[in-house]
Amino acid sequence: MPRLPHRLGAACHGAFDRAKPLLIPAACGIALAAGTPALSQMVNAIEVRGAQFIPEQDIQMTCGAEAGIEYIDLELRAIEDCLMSTGVFETVSLFREGDTLVIDVQELDTRPGRIDATLAYVSQDGVTGSLSYERYNLFDRTYGAVNLEFGAEVQRYSLNLFRTEAFETDFDLGFELAGGRDDYDDRSYTHESLRAETYLGWALSPSTRFEAGIGYRDHRLYDLDPAASALLVLEQTDGISAPYVRLGLRHEQIAPAEDGKENWDQFGYRISLDQYFWNIGSDDPLSDTRLETQMQFPLASNMRLLFGFDAGAVSGTSGNATRAIDRFYPGADTFRGFAPRGIGPRDGTDALGGNTFVKASIELQRDFGEVYRTPFHAGIFLDTGASWGLDDTLGGTIDDSWQRRSSLGLSVVFDVGKTPVSLYVATPIEHQPGDERQVFGLSLSTRF
1 MPRLPHRLGA
11 ACHGAFDRAK
21 PLLIPAACGI
31 ALAAGTPALS
41 QMVNAIEVRG
51 AQFIPEQDIQ
61 MTCGAEAGIE
71 YIDLELRAIE
81 DCLMSTGVFE
91 TVSLFREGDT
101 LVIDVQELDT
111 RPGRIDATLA
121 YVSQDGVTGS
131 LSYERYNLFD
141 RTYGAVNLEF
151 GAEVQRYSLN
161 LFRTEAFETD
171 FDLGFELAGG
181 RDDYDDRSYT
191 HESLRAETYL
201 GWALSPSTRF
211 EAGIGYRDHR
221 LYDLDPAASA
231 LLVLEQTDGI
241 SAPYVRLGLR
251 HEQIAPAEDG
261 KENWDQFGYR
271 ISLDQYFWNI
281 GSDDPLSDTR
291 LETQMQFPLA
301 SNMRLLFGFD
311 AGAVSGTSGN
321 ATRAIDRFYP
331 GADTFRGFAP
341 RGIGPRDGTD
351 ALGGNTFVKA
361 SIELQRDFGE
371 VYRTPFHAGI
381 FLDTGASWGL
391 DDTLGGTIDD
401 SWQRRSSLGL
411 SVVFDVGKTP
421 VSLYVATPIE
431 HQPGDERQVF
441 GLSLSTRF
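For what it's worth, the UniProt record's numbering labels the leading residue of the sequence shown as 1, then goes sequentially.
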C-alpha cells in the first residue's frame, strides 16, 4: 500500500504522479494555501481502536500512519480523509494521546451473511457434506455461525457467537454449542457428545491471546458390539453430564499471507496450549492437557523447513480411570502412514487409545509455483511419536507401554479448479504388531 509522507508538502508535490488514489487532493490544497508553518509533534507509537474485522495493521498502513515520524494536524486530517475514501468506515478520527497516535474507526456493516455447502473427503471421516451459515455483525459487534456436518459414520453440528469488546472492555465474549455422533466401522462402540460453553478472550498482545471458558458437557459410550473388548465393556456409560472449565493460550509470530499466498520468506511459529477440567463435581473428574506447536524456517524464497510437536495427557483427578472416549488416537492426518486410530494400546482388534501421546514431525517443502496453471508445492516428511498408557490393563493382558512409531513420506498440495487438494504417500519405518497402516492419505474440499 502507498504511504502518506510525513511532510504534507511532499505529499502534495508528487501525489498524482505517484498515483496515490486514496489521498484526498483537497487536503494538499488546504496545506499549500495556508502558507504558514504548523507545529509538528513526534509520534512514537500507533494504536488502532474500534477495528472489528479489518486487521489493525492494514488500517495503520493503508494511508501511511507510522511511528517515529513528526505529524502536523493537517497531515492527520489528510490521513482521516484517505481512510474514509476507502468506503469501509462510517467514521475515522485521528488524535494524539501523549506521544501515541490513536486511529479510532467505526466500520461499516459491509459483510452480509453467507451460506456455503461443502463436500469434503478426509482420511479420518471419509466423505462428509456440510452446510454452514455465517454473518459478521449478526448483532452489534457480534459474529455468528452455524455449521452442520454429516457423513456415513459421523454427524456434527455447532453454533458459535463471538462479540468483540464485550461490556465496553478489552475482553471478547464467545458462546459455543457443539455436539455430534460418531460410529466408525473399525470401532466397537458409538460415541455421542453435546456441550455448551461461554468464554472470555483477552488479547495480551497482538500475537498472544488468552481464553477462559466454563461449560457443560454430556457424553456417552454405548451400543457395544458383542465381541468388544472387556475393557470397553467396563468403560461403557449411558452418559456423564457435568460442568467443565477450559483455559487456553495462543501465541503466534507468522508473517501474514500476501495475495492469498503463504509467506515462506520469514521465520514464524505458533503455539497453542489448552487445559480442560472435565466432569467437575462428578465421580469421573478429568484433567486434559493439549499442546500444539509449529515452526517455519525459510531456506529460500521457495523452500522452507517445518517442525511440529503435538502432545496430550489425560488423567483422572480423583483416582478414577479414563474411558476410551477420553483418550487420544493419533493416526491418518495426525500421524501419516497409520490408519485412523491405528496406533496405541489395543485389545485384539479394538483400539483403546492412550492416556498420553506425543508426535514430532519435520518436513522439507518446496513451492514449484504454477504447474499446469495450478499452484503446486510438495515436500518430504518424517513423523515420529507414540500413544501409550491405560489405567486398567485387565491384569496386564493389554500392553500399554511406550512404543515408538515412525513414518517417512511425500506430501503434495495443489488446486483442482477452485478445490484445494492435499495428499500424501507414507510408509511406516517403525511399527508394532497390530498397528493399522495407511499408505495413502487424501484431503479435499469443494464449495458450492
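The beta carbon of each residue, even a glycine, is placed where N, CA and C say it ideally should be.
Collapsing the DSSP output to three states places Val439 in coil. About 6 Å separates the Cβ atoms of Ile103 and Ile59, confirming a contact at the 8 Å cut-off.
Taking 8 Å as the cut-off, the beta carbon of Arg405 is found closer than this to the beta carbon of Ile343.
Scanning the region 62 to 104 from its first residue to its last, the whole beta strand (DSSP E) runs of 3-plus residues come out as 69 to 71 and 89 to 97. Phe267 sits in coil when the DSSP states are folded into three classes, being neither helix nor strand.
Short of 7 Å from the beta carbon of Asp182, and not among the five residues preceding or following it, lie these beta carbons of its own chain, in chain order: Glu153, Val154 and His191. Residue environment for Lys359: buried (at least 16 other C-beta atoms within 10 angstroms of its C-beta). Between Gly348 and Gly409 a beta carbon distance of about 28 Å is seen, past the 8 Å cut, so the two are scored as non-contacting. When the five nearest sequence neighbours on each side are left out, the beta carbons in the same chain lying within less than 8 Å of the beta carbon of Leu224 are those of Ser188, Tyr189, Leu232, Val233 and Gln236, in order along the chain.
Per DSSP, the beta bridge partners of Glu134 are Arg114 and Ala145. For Glu235, the enclosing alpha helix (DSSP H) has its first and last residue at Ala230 to Glu235.
Across the structure, Asp186 and Asp350 are spaced so that their CA atoms are roughly 8 Å apart.
The region 414 to 431 and the region 323 to 338 touch, with no fewer than 3 CB-CB distances between them shorter than 8 Å. With 16 or more other Cβ atoms inside 10 Å of its own Cβ, Ile46 counts as buried. Taking 8 Å as the upper bound for CB-CB distance, Ala67 and Val105 are not in contact here, some 18 Å apart. In this structure, Gly201 is the residue among Leu194, Gly201 and Glu176 with its C-alpha nearest to the C-alpha of Phe167.
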